[in-house]
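This report concerns only the one structure given below.
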Amino acid sequence: MPKPYYLTTTLPYVNADPHIGFALELVQADIIARYQELLGEEVFFNTGTDEHGLKIYRNAIAAGKDPQEYVDEYAAKFRRLPEALGVTTNRRYPIHFIRTTDPKHTQAAQKFWRRCYDSGDIELKDYELKYCVGCELEKSDSELVNGCCPLHPNLKIELIKEKNYFFKFSNYQGRLLDFYKNNPAFVVPDFRFNEIKVFIERGLGDFSISRLKEKMPWGVPVPGDDTQVMFVWFDALVNYISTLGWPEDEKNFEKFWGTMEKPNGIQMAGKDQIRQQAAMWQAMLMSAGLPNSKQIVIHGFITSGGQKMSKSLGNVIDPFALVEEYGTDVVRYFLARHINSFEDSDFTLERFKEAYNANLANGLGNLVARVMVLAETYQVQTVIFKQQRSQPYQGAFERYEINRVIDTIWEDIQRTDQRIAREKPFEIVKSDLSEGKLLIQVYVQELAAIADALTPFMPTTSEKILKAIRENRKPENLFPRKD
RNA sequence: GCCGGUGUAGUUCAAUGGUAGAACGAAGGACUCAUAAGCCUUAAACAGAGGUCCGAUUCCUCUCACCGGCACCA
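Here the first sequence stands for residues 634 to 1116, numbered as in the numbering used here.
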């Protein structure tokens, strides 16, 4: 009986082109999801796009476009990313792609708002915002230097009062801390968990969750107050359950998101998202009387040549270009094995190419060729056993240590290479054909196990290898050397 | 400033209170089934100073360096 398994990425904000950092999140999530499929579970995989808010509104206006038209274009771009990364390829269960401008989502967000409101956790308060006359823009504290706008340091920041709805986050300090205590693996890795615990222990302030519609109309209307729209991330977070058809489809919701007693929703997110995912969203769920998430898995960032990627530095890595040149599975391989699952990692084209040649061309690709040439030449038919996955492989998967898991596969590749060098089947086969064929059968068997273990990481490559084994034919070079 | 973390071969990472492992890269060797691939061998590291201990890379303190968090940026 397959168990329902729910996994979601965060939704990227569509104010810029798809980023390699989000490609990492998608690939990590997909690897975990495919592992669950391999185990036989019924997987609900969610991703999508976050499309409301001030930045998008401004960008659209600046581009002379209607906001809806603007986000439609971006959503199409972002939808191509899971395709380019093979997330949609050859899956047992289709992926779900939600846009926060989907009507079913906006309605869910409004329903969610009402539930929090009915719990008494939403109230109208004065909100004092900082405004730079020079920029004609609102400024947040983090944007200011010494209390001044860095672009207009000679102008005084004006304080403007307006009414906003606030979420009473302060009501949830104790409940969140209890929740963390009762769920000691709620955030992975644990150093991120500590971070959020300390943050909560320091005390919580309420936060604004709406904006004046006349100033910024590009948001979900606040139910019962047509002067306000929701602040972007309040509505965006609800996607994790609106994608399941909540509130209408209670059955599907409960099946995948779980129940109060047994939460089932697992979320992937970048390290900049801990507070929102592990604290605010959890408090919102509590307020709405819905089950919490089961677990939040936090990954690091990808730097480029030791620096943050930026257009001005010209070190931005485009995931589409990478896929174009090397292919989907190569990019997946690199992100899985050579980018740390939890910490920041550096990405350079040199490292990428080196890994390609050393591990894919010389390692996996060559092993497939050497074994399958032997099998084809000597007509060795092999019946593939049912696969058993090793303890280190499974254990590392349970801890989300993706690079550890895939390391074990390369250990197996090396072991098979060593074995062939030691047993010399290419000699034995000349003196004792049946003995040689027996040996070759073992290597094919090992190759099949490698292909099986590879399924979550490189689904297309894995299938090519298994097909070659079934047909007993050496395949085309999987990974030609690049010099 | 406060809190937390990290510092191990050229590089990316492991492990351990008692001879520090691997991968990539480098050098050499024997072979040839394979994508001049693979295999074998070699060189190469515990940031610094104290302390506890029979013994510390591992535990403690300090110094230095780096990183992260300290709320309305998604």
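Don't be surprised by glycine CBs; every beta carbon is placed ideally from N, CA and C.
Leaving aside the five residues before and after GLU1009 along the sequence, list all residues of the same chain whose C-beta is less than 7 Å from its C-beta, in chain order.
-> As a first step, residue 1009 is located in the first sequence; it is residue number 376 there, counting from the start. Taken in chain order, the residues that qualify are ASN1105, ARG1106 and LYS1107.
In chain order, what residues of the same chain lie with their CB nearer than 8 Å to the CB of ALA656, ignoring the 5 residues before and after it?
-> Here the question's residue 656 lines up with position 23 in the first sequence. Contacts found: LEU714, LEU718, PRO952, VAL964 and LEU968.
So which of VAL871, VAL1077 and ALA1082 has the shortest CA-CA distance to ALA1002?
-> Taking the first sequence and counting its residues from 1, one reaches residue 1002 at position 369. Looking at the Cα atoms, VAL1077 is the closest of the given residues.
Could you tell me whether the Cβ atoms of VAL676 and ALA666 are closer together than 8 Å?
-> Position 43 of the first sequence, counted from the start, is the residue given in the question as residue 676. Position 33 of the first sequence, counted from the start, is the residue given in the question as residue 666. Result yes, Cβ atoms of VAL676 and ALA666 sit closer than 8 Å.
Note down, in chain order, each residue of its chain lying with its Cβ closer than 7 Å to the Cβ of VAL660, except the 5 sequence neighbours on either side.
-> Sequence index remark: in the first sequence, residue 660 carries index 27 (1-based). Excluding sequence neighbours, VAL660 sits near LEU718, ARG965, LEU968 and ALA969.
So which of MET919, HIS971 and LEU1072 has the shortest CA-CA distance to GLU1056?
-> Stepping through the first sequence from its first residue, residue 1056 is reached at position 423. Measuring from the Cα of GLU1056, the nearest candidate turns out to be LEU1072.
Looking at C-alpha atoms only, which residue of ILE929, ALA921 and SER920 is the closest neighbour of VAL898?
-> For this step, residue 898 is matched to residue 265 along the first sequence. Note that residue 898 is Gly in the sequence shown, not Val. Comparing Cα positions, the closest option is ILE929.
Reduced DSSP category for VAL1013 - H, G, I as helix; E, B as strand; rest coil | On the first sequence, residue 1013 is found 380 positions in, with the first residue counted as 1. Looking at VAL1013 - three-state DSSP - the assignment turns out to be coil, as it is neither helix nor strand.
Who are the Cβ neighbours of ALA1081 in its own chain at under 6 Å, not counting the five residues just before and after it?
-> Your numbering for residue 1081 matches position 448 in the first sequence. Cβ neighbours of ALA1081 beyond the five flanking positions: ILE1017 and ILE1102.
Are the beta-carbon atoms belonging to PHE980 and ILE664 less than 8 Å from one another?
-> Your numbering for residue 980 matches position 347 in the first sequence. Your numbering for residue 664 matches position 31 in the first sequence. Not in contact: PHE980 and ILE664 (Cβ atoms no closer than 8 Å).
Give every residue of the same chain whose Cβ lies closer than 6 Å to the Cβ of SER937, excluding the five residues on either side of it in the sequence, and list them in chain order.
-> Counting from 1 along the first sequence, the entry for residue 937 is found at position 304. Counting only Cβ-Cβ distances below 6 Å, and skipping sequence neighbours, we find ASN948, ILE950 and PHE980.
On a CA-only basis, which of ALA696, GLU658 and LYS688 is nearest ASN679? Give me that one, please.
-> To locate residue 679, count along the first sequence from 1; it is residue 46. The option with the nearest alpha carbon to ASN679 is GLU658.
Nearest-angstrom Cα distance between SER875 and PRO736?
-> Stepping through the first sequence from its first residue, residue 875 is reached at position 242. Stepping through the first sequence from its first residue, residue 736 is reached at position 103. Approximately 10 Å between the Cα atoms of the pair.
With distances taken between CB atoms, is the gap from MET863 to TRP746 smaller than 8 Å?
-> Along the first sequence, read from residue 1 onward, the residue named residue 863 stands at position 230. Along the first sequence, read from residue 1 onward, the residue named residue 746 stands at position 113. Yes, they are a contact pair.
For GLU684, three-class secondary structure by DSSP | Position 51 of the first sequence, counted from the first residue, corresponds to residue 684. Correct three-state label for GLU684: coil.
Cα-Cα separation between VAL865 and GLU976, rounded to whole angstroms | Against the first sequence, residue 865 aligns to sequence position 232. Against the first sequence, residue 976 aligns to sequence position 343. Spanning the two alpha carbons is a distance of roughly 28 Å.
Nonlocal neighbours in the same chain, by C-beta distance under 8 Å from SER752, ignoring five residues either side | Against the first sequence, residue 752 aligns to sequence position 119. Within the same chain, SER752 has close Cβ partners SER920, ALA921 and GLY922.
Thinking LYS744 and PRO880 are a contact (beta carbons under 8 Å), I'd like their distance in whole angstroms, please.
-> Taking the first residue of the first sequence as 1, we reach residue 744 at position 111. Taking the first residue of the first sequence as 1, we reach residue 880 at position 247. So it is a contact: roughly 5 Å between Cβ atoms.
Helix, strand or coil at LYS927 according to DSSP, with G and I counted as helix | By one-based count along the first sequence, residue 927 stands at place 294. LYS927: coil per DSSP, three-state reduction.
What residue ranges within the stretch 894-954 form continuous beta strand (DSSP E) runs of no fewer than 3 residues, ordered along the chain?
-> 898-903, 928-932 and 935-937
Does the separation of the CB atoms of ASN1036 and SER1095 fall below 8 Å?
-> Here residue 1036 is taken as the residue at index 403 of the first sequence, counted from 1. Here residue 1095 is taken as the residue at index 462 of the first sequence, counted from 1. Contact: no.
Spatially closest choice to HIS971 from CYS749, GLY933 and GLU674, by CA coordinates = Numbered from 1 along the first sequence, position 338 holds the residue referred to as residue 971. Nearest of CYS749, GLY933 and GLU674 to HIS971, Cα basis: GLY933.
Do you know whose CA, among PRO850, GLN861, ASN692 and GLN906, lies nearest PRO645's CA?
-> Position 12 of the first sequence, counting from 1, holds the residue named residue 645. Nearest of PRO850, GLN861, ASN692 and GLN906 to PRO645, Cα basis: GLN906.
GLN861 by DSSP, collapsed to three states: which one?
-> Here residue 861 is taken as the residue at index 228 of the first sequence, counted from 1. Strand.
Cβ of GLU756 within 8 Å of Cβ of TYR798?
-> Counting from 1 along the first sequence, the entry for residue 756 is found at position 123. Counting from 1 along the first sequence, the entry for residue 798 is found at position 165. Result yes, Cβ atoms of GLU756 and TYR798 sit closer than 8 Å.
Beta carbon of ASN723 nearer than 8 Å to that of PRO1025 | If you number the first sequence from 1, residue 723 lands on position 90. If you number the first sequence from 1, residue 1025 lands on position 392. No, the Cβ-Cβ distance between ASN723 and PRO1025 is not below 8 Å.
Mind checking which residues open and close the alpha helix (DSSP H) that includes PHE1018?
-> The residue you call residue 1018 lines up with position 385 of the first sequence. No alpha helix (DSSP H) holds PHE1018; DSSP gives it neither H nor E.
Just the C-alpha distance for ARG835 and GLU761, rounded to the nearest angstrom, thanks.
-> Reading the first sequence from its first residue, position 202 is the one you call residue 835. Reading the first sequence from its first residue, position 128 is the one you call residue 761. So the alpha carbons of these two residues sit roughly 23 Å apart.
DSSP-derived helix/strand/coil call for GLY891 = Taking the first sequence and counting its residues from 1, the one referred to as residue 891 is at position 258. Strand.
Can you name the start and end residues of the beta strand (DSSP E) that HIS738 belongs to?
-> Within the first sequence, residue 738 is the residue found at index 105, counting from 1. No beta strand (DSSP E) holds HIS738; the alpha helix (DSSP H) holding it covers 736-751.
How should GLY807 be labelled, buried or exposed, when 16 other C-beta atoms within 10 angstroms of its C-beta is the threshold for buried?
-> Stepping through the first sequence from its first residue, residue 807 is reached at position 174. Classification of GLY807: exposed, given that the 10 Å Cβ count is below 16.
List the DSSP bridge partners of ILE844.
-> Position 211 of the first sequence holds residue 844. Residue 844 is actually Arg in this sequence, not Ile. Looking at the DSSP assignment, ARG844 forms a beta bridge with VAL862.
Would a C-beta distance cut-off of 8 Å place MET584 and LEU870 closer than the cut-off?
-> For the chain, the structure presents residues 634 to 1116; residue 584 sits outside this window and is missing.
According to the neighbour-count rule (16 or more other Cβ atoms, all chains shown, within 10 Å of its Cβ), is PHE889 buried or exposed?
-> The residue labelled residue 889 in the question sits at position 256 within the first sequence. The residue is buried, with at least 16 neighbouring Cβ atoms inside 10 Å.
Would you identify the three-state DSSP class for SER974, choosing helix, strand or coil?
-> As a working note, residue 974 is residue 341 in the first sequence. In this structure, SER974 counts as coil in the three-state DSSP scheme.
Use the C-beta contact count for PRO850: other C-beta atoms within 10 angstroms, 16 or more gives buried, fewer gives exposed.
-> To locate residue 850, count along the first sequence from 1; it is residue 217. Classification of PRO850: exposed, given that the 10 Å Cβ count is below 16.
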